[in-house]
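Asks: Residue numbers (the numbering used here), protein chains in the order written: chain A, 1 to 177; chain B, 178 to 342. Glycine residues also receive a C-beta, built at the ideal position from the N, C-alpha and C atoms. If you're wondering where the values come from, they're calculated on a predicted model, not measured in any experiment.
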Amino acid sequence: MSEPHPGRHLSDLEHKLRQLAPAGQVQRDEIMYRAGQASVPVEAAPSAFNWVWPVATVFMTLVSVFLGMLLVLVLRDGGERPPVAISQPPAESMHPPDVQDEPHPLPDLQPPGPVTEAPVEAFPHHEAAEYRQLKAQALRWGADSLPVPPPAGGGTGRPQSVRELSKSLAHELGDGP
Amino acid sequence: MGPDALGQLIDRYAPALLLYARQWCAAPEDVVQEAFIKLTRERPPPRNAAPWLYRVVRNGAISAARSARRRCRHETVAAERHPLWFTPEETSALDAADATKALEGLPAEQREVIVAHLWGGLTFEQIAALMDCSSSTAHRWYSAGLALLRERLDVPCPSRTRVAT
């Protein structure tokens with residue numbers, strides 16, 4: 001313990017008091033150990049390179065955001081693609097063709113009566129489709145595959161009354177008039 | 178600060194710092210230990226370590242005493258045990274218990290000056306800076322405290338003894 005006042009003589013009481021040793025003891029080894037830990041600076045890594053990781057992180061974040069926006073824009077513009085050129089069938093095929101142009105006339109399709117002079121354009125749409133179906137069927141399987149046309153007389157083939165029904169039945173059974 | 182310098186500081190100032198901190202708190206060891214560890218963290222280290230240590234210990238001890246006062250009755254009971262401030266030794270001229278009692282009975286500022294000057298080795302200028310007073314005031318407190326101790330410890334005054342004889 002150092003002398004408080006080197007040039008001053010301590011009194012008797014001061015001498016006696018200074019002989020008393022303060023009680024208690026600090027853990028010297030523990031202090032040295034913890035002081036060693038505390039003396040190590042927290043930023044052990046060289047501070048010159050501390051900016052590398054933050055800058056790289058910010059850069060990669062910006063790149064990710066840019067690519068994400070680009071992807072969103074591309075997907076959004078995908079609905080407005082230019083129309084794809086598809087070879088369409090000629091306009092004549094959409095309408096019933098002229099009967100005279102057909103290389104293979106379908107005689108069975110025509111009713112036995114006088115040929116109707118109805119223009120092709122006047123056919124309803126479903127009739128045109130039926131015509132195309134019949135045409136394809138005839139080209140593929142021949143004329144025999146076509147359905148039998150309704151009987152002559154312009155009727156629909158169905159008896160319109162009880163009398164006609166009995167007459168047709170009798171005709172079929174062979175006991176006709 | 179190197180380990181050798183720290184070890185020298187501990188050996189030289191730790192006992193007096195313990196006595197200094199014991200004026201306020203019941204567990205001065207923790208306060209003193211934290212003060213030394215705080216010293217190693219100082220960048221740059223203080224030019225004069227002793228006054229710096231005393232200031233840190235003083236603040237820490239007062240803060241610890243304030244915290245202990247807020248705590249429960251257990252702390253109050255523990256504080257009432259009055260542990261001795263000095264180690265009893267056969268060779269000492271004064272009894273440790275009597276010295277503790279006499280020192281505890283002094284006014285706080287007189288006791289603080291006596292402990293810091295007599296056991297801590299601080300000059301009156303350093304004590305004045307520590308206690309925010311003038312050095313003459315610190316010296317006056319020191320003299321008054323010594324007179325009270327002399328009276329309570331029944332140590333005769335040399336001058337009066339001389340006059341009496």
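1. Within 7 Å of any Cβ in chain A, is that where the Cβ of B:A324 sits?
2. Return the residue from the list B:T277, B:I304, B:D275 that minimises the CA-CA distance to B:E289.
3. Run through chain A and tell me which residues come within less than 7 Å of B:E266, C-beta to C-beta.
4. Quick one: is B:A226 buried, meaning 16 or more other Cβ sit within 10 Å of its Cβ, or exposed?
5. Please report the straight-line C-alpha distance between A:A21 and B:T264, rounded to a whole angstrom.
6. If the cut is a Cβ gap below 9 Å, which residues of chain A does B:I239 touch?
7. Hey, could you find the ends of the alpha helix (DSSP H) A:R34 is sitting in?
8. Rounding to the nearest angstrom, what Cα-Cα distance links B:N236 and B:D181 in this structure?
9. First and last residue of the alpha helix (DSSP H) that includes B:W229?
10. So the candidates are B:L261, B:V233, B:P205, B:R189; which of them puts its Cα closest to the Cα of B:W195?
11. I'd like to know whether the C-beta of A:V40 is nearer than 7 Å to at least one C-beta of chain B.
12. For A:P22, which of helix, strand or coil comes out of DSSP?
13. Using a beta-carbon distance below 7 Å, is B:S269 in contact with chain A?
14. Excluding five sequence neighbours on each side, which residues of the same chain lie with their C-beta closer than 7 Å to the C-beta of B:D275?
15. Please report the distance separating the alpha-carbon of B:P214 from that of A:V63.
16. Pull up the distance between the alpha-carbon of B:A270 and that of B:G322, whole angstroms please.
17. In angstroms with no decimal places, state the Cα-to-Cα distance between A:V115 and A:P159.
18. Within 7 Å of any Cβ in chain B, is that where the Cβ of A:A35 sits?
19. Below 7 Å between beta carbons: does that hold for B:A191 and B:V209?
20. The alpha helix (DSSP H) that contains A:W51, what's its start and end?
21. On the CB-based measure, 16 or more other CB atoms within 10 Å of its CB, does B:P221 come out buried or exposed?
22. Does any C-beta atom of chain A lie closer than 7 Å to the C-beta of B:I214?
23. Closest to B:A238 by CA distance: which of B:L326, B:H294, B:D207 is it?
24. CB B:E302 to CB B:S313, shorter than 7 Å?
25. If you draw a straight line from the C-alpha of A:G142 to the C-alpha of A:E130, how long is it?
26. Give every residue of the same chain whose Cβ lies closer than 8 Å to the Cβ of B:R232, excluding the five residues on either side of it in the sequence, and list them in chain order.
27. Please state the DSSP three-state secondary structure of A:T57.
28. To the nearest angstrom, how far is the alpha carbon of A:K16 from that of A:N50?
29. Measure from the C-beta of A:R189 to each C-beta in chain B and report whether the shortest distance is under 7 Å.
30. Which residues of chain A have a Cβ atom closer than 9 Å to the Cβ of B:Q210, listed in chain order?
Replies: Short version:
1. Not closer than 7 Å to any Cβ of chain A, the Cβ of B:A324 fails to qualify, so no.
2. Closest in alpha carbon position to B:E289, among B:T277, B:I304, B:D275, is B:I304.
3. For B:E266, the chain A residues whose Cβ falls inside 7 Å of its Cβ are A21, in order along the chain.
4. The residue in question, B:A226, is buried, as its Cβ has 16 or more Cβ neighbours within 10 Å.
5. Distance from the CA of A:A21 to the CA of B:T264, rounded to the nearest whole angstrom, comes to 6 Å.
6. Within 9 Å of the CB of B:I239, no CB atom of chain A is found; the nearest one sits about 18 Å away.
7. Its alpha helix (DSSP H) spans residues 28-39.
8. Looking at the two C-alpha atoms, the distance is approximately 26 Å.
9. Per DSSP, B:W229 belongs to the alpha helix (DSSP H) from 226-247.
10. Inspection of the sequence shows that residue 195 of chain B is occupied by Leu rather than by Trp. It is B:P205 whose Cα lies nearest to the Cα of B:L195.
11. A:V40 does not count as touching chain B.
12. Strand.
13. Yes - at least one Cβ of chain A is within 7 Å of the one on B:S269.
14. Once the five neighbours on either side are set aside, the close Cβ partners of B:D275 are L330.
15. Strictly speaking, residue 214 of chain B in this sequence is Ile, with Pro absent from that position. Approximately 47 Å between the Cα atoms of the pair.
16. Inter-residue distance for B:A270 and B:G322 is about 19 Å (C-alpha atoms, whole angstroms).
17. Note that A:V115 has pLDDT 49, beneath the 50 cutoff, so the model's placement of it is unreliable and the number below is only indicative. Distance between the alpha carbons of A:V115 and A:P159 is about 24 Å.
18. Chain B has a Cβ within less than 7 Å of the Cβ of A:A35.
19. It is a contact, given that the beta carbons lie within the stated cut-off.
20. Annotation: A:W51 is outside any alpha helix (DSSP H) and is labelled neither H nor E by DSSP.
21. Burial check for B:P221: the Cβ neighbour count within 10 Å stays below 16, so the residue is exposed.
22. It does; some Cβ of chain A falls within 7 Å.
23. In terms of CA proximity to B:A238, B:D207 leads the group B:L326, B:H294, B:D207.
24. No. Outside cutoff.
25. Their backbone Cα atoms lie some 17 Å apart in a straight line.
26. The beta carbon of B:R232 sits closer than 8 Å to the beta carbons of L307 from its chain, once the five residues preceding and following it are set aside; these are given in chain order.
27. If DSSP states are grouped into helix, strand and coil, A:T57 belongs with the helices.
28. Each residue's Cα considered, the two are about 60 Å apart.
29. Past the edges of chain A, shown from 1 to 177, lies residue 189 of chain A, and the structure says nothing about it.
30. Under the 9 Å cutoff, chain A gives V26, Q27, E30, I31, R34.
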